[in-house]
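Undergrad: In the UniProt record's numbering, the protein residues as written are 1 to 591. Quick one: the structure is below, and I'll ask about it shortly.
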Amino acid sequence: MTMEDRAKAHDDSSLEKAVAARRSAPRWRWITIGLIALLYLAFNSAPVLHTCRHLRLHRRPAIPQCPTQPEAIAPNSTWEPQEDDAEIELFAQRLSDAVKIPTMSFDDMDMDPRKDARFEIFNEMHAYLAKTYPVLHERFPPQKINTYGLLWTIPGRDASLRPALYLAHQDVVPVPASTLDQWTFPPFSGEYERYDDRRGGLVWGRGASDDKAMLTAVLSAFEELLKSGWENQRTILIGSGFDEEVSGPRGALSIAEALKASLPDRGRQTLEFVIDEGGLGVGVQQGGVEVALPAVAEKGYLDVTMTIKTPGGHSSMPPDHTSIGMMSSLIAHLESNPHEAMLTPANPVLTHLICMANALETKALQTVESENLLLDKQTRKDLRDPRKWHRVARRVAKLGSRTERYIVKTSQAADIVLGGVKANALPEHVEAVVNHRIAMESSVDEIKSRFEDLVRPVAERLGLKVVGFDKKAPDVKPEESVLMLTYGRFTEHTPVSPTDSAQFRALAGTIRQVFTTESGKHDRLVSPVIMTGNTDSRHFLSLCENVYRFNPNRYSEQSAKHTVNENMDVAAVAESASFFHALAQITDEKL
Ligand SMILES: [Zn+2]
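Take a look at the structure:
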């Protein structure tokens, strides 16, 4: 072939290619249009597909209904200590004295409470309780469970009625020494500060809110009922753990085991209902909606530990990335990939938002409509279309308060980092713990695999050999760098307690009776939420379906639980006692 021939051949083949390309152009165009259409469909139906995966349904999920709001239920006898100065002073005294006893729970306490002297303070707590609630203690002295757990039983006359369980824990979270100077009053002073302009005041100190307010309210209510000669049909159980703040393995768990051993085994029908701390209290939401928010479920929990092992050496000759630098990159990568917000019927928060939307719609909208309104007009519309729920979830995650943000997604937080001991030595061992509170749609396994998928490529780029979860720790050669993933404490999210049950209706009816709204009416919206944390009540889930976590308290959301200057309004505690006094009577018959 000559040069010319070659050039011609080349020209011919180019020509042929060009012709072929032109001929196939319409086909390509159709393929492109098809692809765009497919992508459009995929994006727009993504939330539905997602929902399907969780519900194992292949049709659009039904839109949850806000629970029917029951009429307020009046108890036979009404007790309103919150309206009486002398009673309020009594509540202040009771709460203040309880706060003065530093019943702290620490992570490293011995599993056997008899072997750890730090538990001995609970003896003082028991003596205080016996002195403060004499009628209850004399008639029905509590059983001591695993040394410091308390279980009171007030037997009912009708053995066919299932017992009701009231829970309130005795322990409190410790006060870090580094925060002591930030407290207005010393954390265990139990200082009572009266208001100048109205009845009552505040009790200051660790535990004033969590959970000694609830303990005071529950015990005061039953003390009052017994003093007044109340004769209950249904058996009342009052359980009080002593290590709730460290998950309750010694207290609540032992109480649950004791109940399992002594009550007729009816599985999750063994107890009529369980009421414990939690929920989002009694208050006013955006748009002026007056609510009470009992929690009907708790998110899951998982601690992941990342351990990096690298060769050590002198810090004058460091590698490009030290183990601390690598750990920082991994944590930064996790933080730049937060969990996605989602909303499906698996999460009772969807029901709550629908309740809120309904309530807003019935209000004079011109007065509540504003740009900042979380459930603005568009969002309320979106709530009625399952294909738009992901948009609502994203809005809640973006605009909601910090409490609200995580009721629609899994949280991740690097809480512990350990590594390095000397300024001139490369750290050989660095460890970080990342805590997760798992969304209702997800699971421990899903979070583990997502975590590994995220950190693996970053770790490998940094030259780390990755040992995934549940893999045997390898023999690491001294010159090797390794990232190991392990997990510690974990719990799946709890089942959801029903909101269409007689037990929920009794709870809601009592709430509407006791916690009248600003206008003095019995029309407070009772709406279910979930807890981002865990409570002692989860140890009783195998004994009961109707587990409600609810601080019947108008003040609890402002009380600085777990932090500096925890405090509690004493009239609010008295009102909580009024609530328990009513609830016990209202539920004292077949529900
Ligand atoms: Zn608590």
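We treat Cβ as the ideally placed atom computed from N, Cα and C, and that holds for glycine. Just so we're clear, the structure is a prediction, and the values are computed from it rather than from any experiment.
Using the three-state DSSP reduction, which class does Leu-591 fall into: helix, strand or coil?
TA: Taking the sequence shown and counting its residues from 1, the one referred to as residue 591 is at position 591. Reduced to three states, the DSSP call for Leu-591 is coil.
Undergrad: Within the structure, which residues are defined as neighbours of ligand 1 by a Cβ-heavy atom distance below 7 Å, reported in chain order?
TA: Matched residues: His-169, Asp-210, Asp-211, Glu-244, Glu-245, Glu-277, Thr-535.
Undergrad: Candidates Asn-358, Arg-524, Thr-310: which alpha carbon is nearest Pro-427's?
TA: Here the question's residue 427 lines up with position 427 in the sequence shown. Here the closest residue by C-alpha is Thr-310.
Undergrad: Indicate the three-state DSSP secondary structure (helix, strand or coil) for Asn-567 in the structure shown.
TA: In the sequence shown, the residue the question calls residue 567 occupies position 567. Asn-567 falls in the strand class under three-state DSSP.
Undergrad: When the Cα of Pro-70 is compared with those of Phe-580, Arg-524, Ala-62, Asn-347, which residue comes out closest?
TA: Taking the sequence shown and counting its residues from 1, one reaches residue 70 at position 70. Among Phe-580, Arg-524, Ala-62, Asn-347, the Cα nearest to that of Pro-70 belongs to Arg-524.
Undergrad: Measure the alpha-carbon distance for Tyr-166 versus Leu-237 and round it to whole angstroms.
TA: As a first step, residue 166 is located in the sequence shown; it is residue number 166 there, counting from the start. As a first step, residue 237 is located in the sequence shown; it is residue number 237 there, counting from the start. The straight-line gap from Cα to Cα measures roughly 6 Å.
Undergrad: State the start and end residues of the unbroken alpha helix (DSSP H) segment that holds Asp-97.
TA: As a first step, residue 97 must be located in the sequence shown, where it is residue number 97. That run of the alpha helix (DSSP H) goes 85-99.
Undergrad: I need the straight-line Cα distance from residue 592 to Glu-335, nearest angstrom please.
TA: The question about residue 592 has no answer here: the residues shown for the chain are numbered 1 through 591.
Undergrad: Is the beta carbon of Leu-129 closer than 8 Å to that of Leu-253?
TA: Residue 253 sits at position 253 when you count from the first residue of the sequence shown. Residue 129 sits at position 129 when you count from the first residue of the sequence shown. Cβ distance not < 8 Å, so Leu-253 and Leu-129 don't count as in contact.
Undergrad: Might you give, ordered along the chain, the residues of its own chain that have their beta carbon closer than 6 Å to the beta carbon of Val-304, omitting 5 neighbours on each side?
TA: Translated into the one-based positions of the sequence shown, residue 304 becomes position 304. These residues qualify, in order along the chain: Val-434, Phe-451, Tyr-487.
Undergrad: For the candidate residues Gly-509, Arg-461, Arg-387, Arg-456, whose alpha-carbon lies nearest to that of Thr-499?
TA: By 1-based counting over the sequence shown, the position of residue 499 is 499. With distances taken between Cα atoms, Thr-499 lies closest to Gly-509.
Undergrad: Helix, strand or coil for Ala-572 per DSSP?
TA: In the sequence shown, counting from the first residue as 1, residue 572 sits at position 572. Here Ala-572 sits in helix by DSSP.
Undergrad: Report the rounded CA-to-CA distance for Val-547 versus Leu-462, giving the unit in angstroms.
TA: Along the sequence shown, one-based indexing puts residue 547 at 547. Along the sequence shown, one-based indexing puts residue 462 at 462. Between Val-547 and Leu-462, the C-alpha separation is close to 48 Å.
Undergrad: Assign Tyr-195 to one of two classes, buried (16 or more other C-beta atoms within 10 Å of its C-beta) or exposed (fewer than that).
TA: Sequence index remark: in the sequence shown, residue 195 carries index 195 (1-based). Classification of Tyr-195: exposed, given that the 10 Å Cβ count is below 16.
Undergrad: Taking the alpha-carbon of Ala-292 as reference, which of Arg-549, Trp-79, Glu-87, Ala-574 has the nearest alpha-carbon?
TA: Here the question's residue 292 lines up with position 292 in the sequence shown. Minimum Cα distance to Ala-292 is reached at Arg-549.
Undergrad: Using the Cα positions of Ala-359 and Asp-243, report the straight-line distance between them to the nearest angstrom.
TA: Residue numbering aside, residue 359 sits at position 359 when the sequence shown is read from its first letter. Residue numbering aside, residue 243 sits at position 243 when the sequence shown is read from its first letter. Approximately 39 Å between the Cα atoms of the pair.
Undergrad: I'd like to check one pair, Gly-205 with Pro-187: are the Cβ atoms closer than 8 Å?
TA: The count along the sequence shown starts at 1 and reaches residue 187 at position 187. The count along the sequence shown starts at 1 and reaches residue 205 at position 205. Yes.
Undergrad: Distance check for Glu-566 and Ser-209, CA to CA, integer angstroms please.
TA: Translated into positions along the sequence shown, residue 209 becomes position 209. Translated into positions along the sequence shown, residue 566 becomes position 566. Distance between the alpha carbons of Ser-209 and Glu-566: 7 Å.
Undergrad: Which of the three DSSP states, helix, strand or coil, is assigned to Tyr-192?
TA: Walking along the sequence shown from the start, residue 192 turns up at place 192. It is a strand residue.
Undergrad: Where do the N-terminal and C-terminal ends of the beta strand (DSSP E) with Lys-299 fall, by residue?
TA: Position 299 of the sequence shown, counted from the start, is the residue given in the question as residue 299. From DSSP, Lys-299 is part of no beta strand (DSSP E); its letter is neither H nor E.
Undergrad: Can you tell me which of Ala-86, Lys-115, Ile-324, Gly-149 puts its alpha carbon nearest to the alpha carbon of Ile-416?
TA: The residue you call residue 416 lines up with position 416 of the sequence shown. Looking at the Cα atoms, Ile-324 is the closest of the given residues.
Undergrad: Within 10 angstroms of its Cβ, does Ser-527 collect 16 or more other Cβ (buried), or is it exposed?
TA: The sequence position of residue 527 within the sequence shown is 527, counting from 1. So Ser-527 ends up on the buried side.
Undergrad: Any beta carbon of chain D sitting closer than 8 Å to that of Thr-179?
TA: Absent here is chain D; the protein component of the structure consists of one chain.
Undergrad: If you draw a straight line from the alpha carbon of Gly-400 to that of Ala-393, how long is it in whole angstroms?
TA: Numbered from 1 along the sequence shown, position 400 holds the residue referred to as residue 400. Numbered from 1 along the sequence shown, position 393 holds the residue referred to as residue 393. Those two C-alpha atoms are separated by around 10 Å.
Undergrad: Just confirm the distance between the C-beta atoms of Glu-545 and Gly-300, as a whole number of angstroms; I'd bet it's less than 8 Å.
TA: Residue mapping note: residue 545 aligns to position 545 of the sequence shown, counting from 1. Residue mapping note: residue 300 aligns to position 300 of the sequence shown, counting from 1. Their Cβ separation, rounded to whole angstroms, is 19 Å, which puts Glu-545 and Gly-300 out of contact at 8 Å.
Undergrad: Just curious, the beta strand (DSSP E) that Met-484 is in, first and last residue?
TA: Translated into positions along the sequence shown, residue 484 becomes position 484. Run containing Met-484: 482-491, per the beta strand (DSSP E) assignment.
Undergrad: Specify the secondary structure class of Ala-168 as computed by DSSP and reduced to three states.
TA: Position 168 of the sequence shown, counted from the first residue, corresponds to residue 168. Coil, per DSSP.
Undergrad: Return the Cβ separation of Asn-76 and Gly-156 in integer angstroms, given the expectation that the two are a contact with Cβ distance under 8 Å.
TA: The residue given as residue 76 occupies position 76 in the sequence shown. The residue given as residue 156 occupies position 156 in the sequence shown. Rounded, the Cβ-Cβ distance is 15 Å, inconsistent with contact.
Undergrad: Return the first residue and the last residue of the beta strand (DSSP E) that Trp-204 is part of.
TA: Taking the sequence shown and counting its residues from 1, the one referred to as residue 204 is at position 204. Unbroken beta strand (DSSP E) run through Trp-204: 201-204.
Undergrad: May I ask you to report which of helix, strand or coil DSSP gives Ala-21?
TA: For the purposes of this step, residue 21 is taken as the residue at position 21 of the sequence shown. Bear in mind that a pLDDT of 47 at Ala-21, under 50, signals an unreliable position, so the number given afterwards is only what the model happens to contain. If DSSP states are grouped into helix, strand and coil, Ala-21 belongs with the helices.
Undergrad: Can you tell me which of Ser-578, Ala-560, Lys-590 puts its alpha carbon nearest to the alpha carbon of Thr-184?
TA: Locating residue 184 in the sequence shown gives position 184, where the first residue counts as 1. Thr-184 has its Cα closest to that of Ala-560, out of Ser-578, Ala-560, Lys-590.
Undergrad: Considering just the uninterrupted stretch of the beta strand (DSSP E) at Ala-413, what are its terminal residues?
TA: Residue numbering aside, residue 413 sits at position 413 when the sequence shown is read from its first letter. Where Ala-413 is concerned, the enclosing beta strand (DSSP E) stretches over 411-419.
Undergrad: Less than 8 Å between C-beta atoms, sequence neighbours within five positions excluded: which residues of the same chain meet that for Val-467?
TA: Position 467 of the sequence shown holds residue 467. The residues are Ala-473, Pro-474, Val-482, Leu-483, Met-484, Leu-485.
Undergrad: For Ala-397, which residues of its own chain have a beta-carbon under 7 Å away from its beta-carbon, when the five flanking residues on both sides are left out?
TA: Mapped onto the sequence shown, residue 397 falls at position 397. Cβ neighbours of Ala-397 beyond the five flanking positions: Ala-341, Arg-405, Val-408, Lys-409.
Undergrad: With DSSP as the reference, label Glu-290 as helix, strand or coil.
TA: The residue you call residue 290 lines up with position 290 of the sequence shown. Strand at Glu-290.
Undergrad: Just the C-alpha distance for Phe-140 and Gly-281, rounded to the nearest angstrom, thanks.
TA: Translated into positions along the sequence shown, residue 140 becomes position 140. Translated into positions along the sequence shown, residue 281 becomes position 281. Spanning the two alpha carbons is a distance of roughly 30 Å.
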